[in-house]
Amino acid sequence: MKFNERVYEILKKIPYGKICTYKIIAEKLNTKAYRAVGNALNKNEYPEKIPCFKIINSSGDLGGYSLGLKEKIKRLKKEGIEIKDNKIDLKKYLHEF
0 MKFNERVYEI LKKIPYGKIC TYKIIAEKLN TKAYRAVGNA LNKNEYPEKI PCFKIINSSG
60 DLGGYSLGLK EKIKRLKKEG IEIKDNKIDL KKYLHEF
């Protein structure tokens with residue numbers, strides 16, 4: 000399985016109302032290639048099936064999103080995730096595998 004596909008398989012396991020970080024996804028793949036995780040997310044052709052919007056920076060910052068930050072915020076809020084000053088409370092919403 001290709002790297003991007005492995006990233007997407009992990010993303011599908013993040014529960015509703017939870018987020019994860021680029022770093023945790025990379026560690027789950029036994030790599031430190033956090034940017035490669037971001038690149039895989041950017042290439043996601045199926046944003047409705049593969050929830051890339053759920054991945055944020057380890058600091059709680061929102062990071063980027065191929066469909067734009069406004070859309071990322073909209074999708075996160077739809078799942079009940081609170082955003083304050085463009086940050087998410089990791090203690091409250093982080094999903095760890």
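With the first letter of the sequence shown counted as 1, position 6 gets the number 5 in numbering that gives the first Met the number 0; the numbers rise by one all the way through. Built from N, CA and C at the ideal position, the CB exists for glycine as well. Note that this is a predicted model, so its numbers are computed, not measured.
| Asked | Found |
| --- | --- |
| With contact counted as at least three CB pairs below 8 Å, one residue from each stretch, are the segment 1 to 19 and the segment 34 to 49 in contact? | yes |
| Mapping DSSP to helix, strand and coil, what is residue 83? | strand |
| Over the uninterrupted alpha helix (DSSP H) stretch that includes residue 37, give me the two end residues. | 33 to 41 |
| Who are the Cβ neighbours of residue 57 in its own chain at under 6 Å, not counting the five residues just before and after it? | 20, 22 |
| To which residues of the same chain is residue 91 closer than 8 Å at the C-beta, ignoring the five residues directly before and after it? | 81 |
| With which residues is residue 88 paired in a DSSP beta bridge? | The partner list for residue 88 (beta bridge, DSSP) is empty, contrary to what the question assumes. |
| Please report the straight-line C-alpha distance between residue 63 and residue 27, rounded to a whole angstrom. | 21 Å |
| In chain order, what residues of the same chain have a beta carbon less than 7 Å from the beta carbon of residue 85, not counting five sequence neighbours either side? | 60, 61 |
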